[in-house]
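Counting in our numbering, the sequence shown runs from 569 upward without gaps.
Even glycine gets a Cβ: it sits at the ideal position worked out from N, Cα and C.
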Amino acid sequence: MTTADRADTAGPGYDDVLYAAFERRYQQGEDSWSDEGAMRRLVPLLSRHLEPRAAHVLDLGAGRGPDTLALLEAGHRVTATDLLRLPDWDAIERRWGDRVTFLRGDITELDLPEGEFDAVVDNGVLHHQDPAHYTEYLAAVHRSLRPGGLLAVSLFTTVDKRSAGVLNRAEDGRLSRWFTDDEAQSLLNAAGFRTLASEQVGRKLAGLAYLLVVASAVPRGDEP
Ligand SMILES: C[S@@+](CC[C@H](N)C(=O)[O-])C[C@H]1O[C@@H](n2cnc3c(N)ncnc32)[C@H](O)[C@@H]1O
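In structure tokens:
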């Protein structure tokens, strides 16, 4: 990232910017997140909170599908979505048949069945959205979950808990939002989620970490 951007909106045309940024990174093999160890800690954390039975999980922004694979191997059914269709999806479909469904599109525009999922995995996706659309994005996630369903989200954060949250913009225009624990909690609470667990995972990049949160969807009307 290059510039700190204090404005809380991406400006016009951000959908196209985000798509182009991810398309280029995958095409040029710059998707370092796909095999980053710290990224693979979210599904094990979610698994500790899932009931001991096969679940239907939405892998939102699945990328090449590493979490989709982990969930399938754990016995779950998975619907995986992403802005782009990745070539890796073909082999996963061939191997897992009707246990997996891949959908291409923005989560806020896909016509997902309401109340369908026992859990949603958002591994590195929310923090790249336009902050002006966080509410709409989390509403789409909430709608897709059954009452009490779980959201597992991984957000950029800093190891130093005294640092303030910040929105950065890369040269290609892609936004990345670093969250404090308090900011993450208030965002999720306002969207109708109750936090069940929160932990920090250090990254190889000095001073940086992921904030992993598991939260349950409070049924609409039951909010305090
Ligand atoms: C940092 S990558 C993480 C990929 C994957 N979750 C993982 O753990 O490897 C973020 C992914 O989210 C996708 N994405 C970004 N915004 C999205 C949106 N609004 N709806 C669906 N997918 C989105 C991107 O195309 C990209 O593949």
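Considering only residues of the same chain and omitting the five flanking positions on each side of S766, which have a CB-CB separation below 6 Å?
V781
Do you know whose CA, among K772, D740, R771 and K729, lies nearest A752's CA?
K729
State buried or exposed for Y814, treating a residue as buried only when at least 16 other CB atoms are found within 10 Å of its CB.
Past the boundaries of the shown model lies residue 814; the chain is included only from 569 to 792, so the question cannot be answered.
Only counting the same chain, and skipping five residues up and downstream in sequence, which positions put a Cβ closer than 8 Å to that of T676?
H701, E704, Y705 and A708
Ligand 1 and Q753: does any heavy atom of the ligand fall closer than 8 Å to the residue's C-beta?
no
Over what stretch of residues does the beta strand (DSSP E) that includes D650 continue unbroken?
R645 to D650
Can you name, in chain order, every residue of its own chain whose Cβ lies under 6 Å from the Cβ of K772, other than the five neighbours on each side?
none
Find out if the Cβ-Cβ distance for the pair S784, L718 is shorter than 9 Å.
yes
If I follow the unbroken beta strand (DSSP E) through T636, where does it start and stop?
Not the beta strand (DSSP E): T636 falls in the alpha helix (DSSP H), residues P634 to E641.
Is the beta carbon of L558 less than 9 Å from the beta carbon of R711?
Not covered by the structure: residue 558. The range shown for the chain is 569 to 792.
How big is the Cα-Cα spacing for L586 and D750?
26 Å
When the cut-off is 9 Å and only beta carbons count, does V668 lie next to chain C?
Although the question refers to chain C, the structure presented lacks it and comprises just one protein chain.
Is N736 a contact residue of ligand 1, with contact defined as CB to any heavy atom under 8 Å?
no
In whole angstroms, what separates the C-alpha of W601 from that of P715?
31 Å
Per DSSP, what kind of secondary structure is P620 in: helix, strand or coil?
coil
Identify every residue that forms a DSSP beta bridge with P691.
Just to set this straight, residue 691 is Asn in the shown sequence, not Pro. DSSP, once it has assigned bridges, lists S722 as partnering N691.
Looking at C-alpha atoms only, which residue of R609, R621, Q595 and R737 is the closest neighbour of L652?
Q595
Just checking N691 against ligand 1 - is the residue's beta carbon closer than 8 Å to any of the ligand's heavy atoms?
yes
Below 8 Å CB to CB, which residues in the same chain sit around D740 once its five sequence neighbours on both sides are set aside?
V585, A588, A589 and R592
C-alpha gap between R742 and G692, whole angstroms:
13 Å
Boundaries (first-last residue) of the alpha helix (DSSP H) holding Q768:
Here Q768 belongs to no alpha helix (DSSP H); instead the beta strand (DSSP E) covers F761 to G770.
Measure the Cβ-Cβ separation of V654 and P699 and say whether it is below 9 Å.
Val is not the amino acid found at residue 654; the sequence shown has Leu there. Contact: no.
Is it right to say R662 is buried, meaning 16 or more other beta carbons lie within 10 angstroms of its own, or is it exposed?
exposed
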